[in-house]
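Working notes for the structure below.
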Amino acid sequence: MKNIVRKEMKPEKLKKYYIKTYSELYNLVNSRMKTASIPPPPKIKRKDKFLQLRNTLLVKLGIVYNIIDSELTKIIEALKTISLMHPFYKELFMAKTKKTPKDLVKRFTMLKHTATRIYNDAKQQIKTGLTGKEIVGAFKAGIGRLLSIYRRNNDLIIAIKESIIEISKLPDITGDLVVIIAGMPQVGKSTLLKKLTHAKPEISPFPFTTKTIIAGHITVEPYGKITLIDTPGLLDRPLDRKNPIEYKAVLALKHLADITIYLFDVNPQSYYTFEQQLSVYNDIKELLGDKEMIIAINKIDITPREYLEKQCIRIKEVTGKEPLLISAEKEYNLDKLKMILINKLMEKALHHES
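Residue numbers in the sequence shown follow UniProt numbering, run continuously in steps of one, and reach 354 at the last position.
Below, the structure is given as structure tokens:
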């Protein structure tokens, strides 16, 4: 039995791409042109000022073009890397840029071709110009048009840059089976994650929000890795209270989850009412569509028996599922929950092989 094969690029691959804004690119162009070493034109005496001017302009035009071409190439490579990543990361990217990586590859490839055409035209005009005024005019027009390619797309380039920075900070949270732990604050999500994984979880910023994403792992040989994820502040409140960028970031989670565990705390002393918890459950159920959900009631060790039985019936009526009764703190029934997840991983592995 082999682990489930994953060919997606990991977020850390994006760290090698530093995308320059227009301001950064312009400063680099200025610096390179000022410090450029201009050799005399071949087989021409230094005293011929016109030919020396022409050579200087050709060298500086080449500097501008090479910098812009290099940056556009880097952007295209970064976009192609994102195209090969898990849909979760691609959705996060699109939440910020409002464009698919594939569409942006086409756009920047066209810009790269445009830059090459502008460069060749300006170079030809400088080579064939008959006066200093003519070739200086061709040079200025050429670099102006080259720089305008980058300047006109600067807002989009900044969005791409920020997306790459944010996504590259994330750990690899895709796993062979990804389980999202959802539920309102204080229902015991973080405790459940720690108890199931028996390890210190990874905590990283969640892109384009002020929230974090917490991940833990269960290795199941020879089937692969179960990744458990808690997203405090994202899947624990009604979705209509989120700003547009947070909402889009949350939408990306549907591409990540294989299974979602939704935790209820039905204790009379719970921080939130059953109706509030049910409202968030309905939001998440609608978000995830037909993705599988496991319903669990936590903190049964401190919930009165008669109240627990009553709320179990209500949950079953509303969700159509028999809730699993657990205590994350006391580790009651966590072995049963863990085995459910392991069986799901095995099923996925066997389905993948077939």
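Even glycine gets a Cβ: it sits at the ideal position worked out from N, Cα and C.
Between residue i and residue j, what straight-line distance do the alpha-carbon atoms span, to the nearest angstrom?
i           : j           : result
residue 197 : residue 310 : 31 Å
residue 324 : residue 245 : 34 Å
residue 213 : residue 230 : 6 Å
residue 320 : residue 88  : 28 Å
residue 136 : residue 14  : 40 Å
residue 346 : residue 220 : 9 Å
residue 58  : residue 139 : 8 Å
residue 143 : residue 61  : 7 Å
residue 308 : residue 189 : 19 Å
residue 39  : residue 155 : 37 Å
residue 337 : residue 10  : 29 Å
residue 287 : residue 243 : 16 Å
residue 27  : residue 34  : 11 Å
residue 274 : residue 299 : 14 Å
residue 303 : residue 241 : 30 Å
residue 305 : residue 282 : 26 Å
Excluding the 5 residues preceding and the 5 following residue i in the sequence, name in chain order all residues of the same chain whose CB lies nearer than 7 Å to its CB.
i           : result
residue 94  : 100
residue 313 : none
residue 195 : 328, 331, 334
residue 74  : 17, 19
residue 141 : 122
Within a Cβ cutoff of 6 Å, which residues of the same chain sit near residue i, ignoring the five residues on either side of it in sequence?
i           : result
residue 119 : 65
residue 255 : 87, 88, 91
residue 29  : 64, 67
residue 209 : 246, 249
residue 108 : 72, 75, 76
Residue i and residue j look like a contact to me (Cβ under 8 Å); what is the Cβ gap, rounded to whole Å?
i           : j           : result
residue 18  : residue 151 : 19 Å between Cβ atoms; not a contact.
residue 168 : residue 12  : 6 Å
residue 211 : residue 257 : That belief does not hold up - the Cβ atoms of residue 211 and residue 257 are roughly 17 Å apart, past 8 Å.
residue 259 : residue 284 : Not really, about 12 Å apart at Cβ, beyond 8 Å.
residue 205 : residue 193 : Not really, about 18 Å apart at Cβ, beyond 8 Å.
residue 329 : residue 301 : 7 Å
residue 261 : residue 296 : 6 Å
residue 393 : residue 8   : Only positions 1 to 354 of the chain appear in this structure, which leaves residue 393 out of reach.
residue 171 : residue 215 : 6 Å
residue 263 : residue 178 : Residue 263 to residue 178, Cβ: 17 Å. No contact.
Around the C-beta of residue i, are 16 or more other C-beta atoms found within 10 angstroms, so that it is buried, or is it exposed?
i           : result
residue 113 : exposed
residue 271 : exposed
residue 148 : exposed
residue 207 : buried
residue 25  : buried
residue 289 : exposed
residue 161 : buried
residue 339 : exposed
residue 203 : exposed
residue 132 : exposed
residue 317 : exposed
residue 96  : buried
residue 166 : buried
residue 36  : exposed
residue 350 : exposed
residue 130 : exposed
Cβ of residue i within 7 Å of any heavy atom in the ligand PLP?
i          : result
residue 63 : Among the components of this structure there are no ligands whatsoever, and the ligand PLP is therefore not found.
Considering only residues of the same chain and omitting the five flanking positions on each side of residue i, which have a CB-CB separation below 8 Å?
i           : result
residue 115 : 65, 68, 69, 72, 146, 149
residue 175 : 217, 224, 225, 226, 227
Given 8 Å, three or more beta-carbon pairs between the stretch 175-193 and the stretch 229-237:
yes
The stretch 101-108 touching the stretch 264-272, judged by at least three CB pairs closer than 8 Å: no
Do the stretch 277-288 and the stretch 116-135 make contact, defined as three or more Cβ pairs closer than 8 Å?
no
Cβ contact check for the stretch 50-59 and the stretch 73-81: 3 or more pairs under 8 Å: no
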